[in-house]
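Participant:
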């Protein structure tokens with residue numbers, strides 16, 4: 001059974017993902033929670049809006065959290081994201097020392113936290129991140145499926 005501990009945060013991430021639709025971006029939302037339980041970073045995909053290939057929701061949220069913490073090290077922080085991170089985002093999670101990753105839907109084409117690769121749990125990785133997968137998975141997946149169905 002999936003732990004419901006992160007459902008409220010994931011629901012907020014889903015709302016951020018929906019906001020990405022306004023700019024034609026893939027609907028992915030993310031937020032960073034500090035050790036005190038406060039949200040310190042919010043992100044949605046902004047690749048189309050900003051013409052920036054690195055503007056994935058996770059990167060946007062991590063940048064904001066680093067600014068809030070005035071530190072690039074986000075030890076003790078939790079990242080909640082609607083879609084399994086890609087290799088770039090998994091690398092950013094490791095580099096920022098985020099302690100816990102929570103994600104909703106799996107990405108069978110580009111996922112780097114269990115689907116295609118597993119960068120965060122690779123024993124050669126210098127940083128260990130706890131991974132909690134499948135939180136509100138069906139809701140997260142449905143948003144993405146609808147987006148791609150409408151593209152076709």
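Residue numbers (my numbering): 1 to 152.
Ideal Cβ positions, reconstructed from N, Cα and C, are used throughout, including at glycine.
Could you pull out every residue in the same chain whose Cβ sits closer than 6 Å to the Cβ of residue 20, ignoring the five residues on either side in sequence?
Facilitator: Here residue 20 refers to the residue found at position 20 of the chain shown. Here the set comprises 27, 44 and 45.
Participant: Going by beta-carbon coordinates alone, are residue 159 and residue 61 separated by less than 9 Å?
Facilitator: Look at the range of the chain in this structure, 1 to 152, and you will see that residue 159 is not part of it.
Participant: Taking contact to mean 3 or more Cβ pairs, one atom from each stretch, closer than 8 Å, check whether the stretch 9-20 and the stretch 118-134 are in contact.
Facilitator: No, they do not touch.
Participant: Residue 36 and residue 72 - do their beta-carbons sit closer together than 9 Å?
Facilitator: What you label residue 72 is simply residue 72 of the chain shown in a count that begins at 1. What you label residue 36 is simply residue 36 of the chain shown in a count that begins at 1. No, the pair does not count as a contact, with Cβ atoms beyond the cut-off.
Participant: To the nearest angstrom, how far is it from the Cα of residue 52 to the Cα of residue 22?
Facilitator: Translated into the one-based positions of the chain shown, residue 52 becomes position 52. Translated into the one-based positions of the chain shown, residue 22 becomes position 22. One C-alpha to the other measures close to 16 Å.
Participant: I'd like to know whether the C-beta atoms of residue 101 and residue 120 end up nearer to each other than 9 Å.
Facilitator: Stepping through the chain shown from its first residue, residue 101 is reached at position 101. Stepping through the chain shown from its first residue, residue 120 is reached at position 120. Closer than 9 Å, so yes.
Participant: Check whether the Cβ atoms of residue 57 and residue 13 lie closer than 9 Å to each other.
Facilitator: The residue you call residue 57 lines up with position 57 of the chain shown. The residue you call residue 13 lines up with position 13 of the chain shown. The answer is yes: Cβ separation under 9 Å.
Participant: Run through the DSSP bridge pairs and tell me what residue 111 is partnered with.
Facilitator: Residue numbering aside, residue 111 sits at position 111 when the chain shown is read from its first letter. Paired residues: none, contrary to the question.
Participant: Please state whether DSSP places residue 122 in a helix, a strand or coil.
Facilitator: Along the chain shown, one-based indexing puts residue 122 at 122. Three-state DSSP puts residue 122 in coil, outside helix and strand.
Participant: Going by DSSP, name the residue or residues bridged to residue 30.
Facilitator: On the chain shown, position 30 is the one that residue 30 refers to. In DSSP, residue 30 forms a bridge with 43 and 81.
Participant: Give me the DSSP bridge partner(s) of residue 159.
Facilitator: In this structure the chain extends from 1 to 152, so residue 159 is not present and cannot be described.
Participant: So, for residue 49: in the same chain, excluding its five sequence neighbours on each side, which residues have a beta-carbon less than 7 Å away from its beta-carbon?
Facilitator: What you label residue 49 is simply residue 49 of the chain shown in a count that begins at 1. Answer for residue 49: 23 and 25, listed in chain order.
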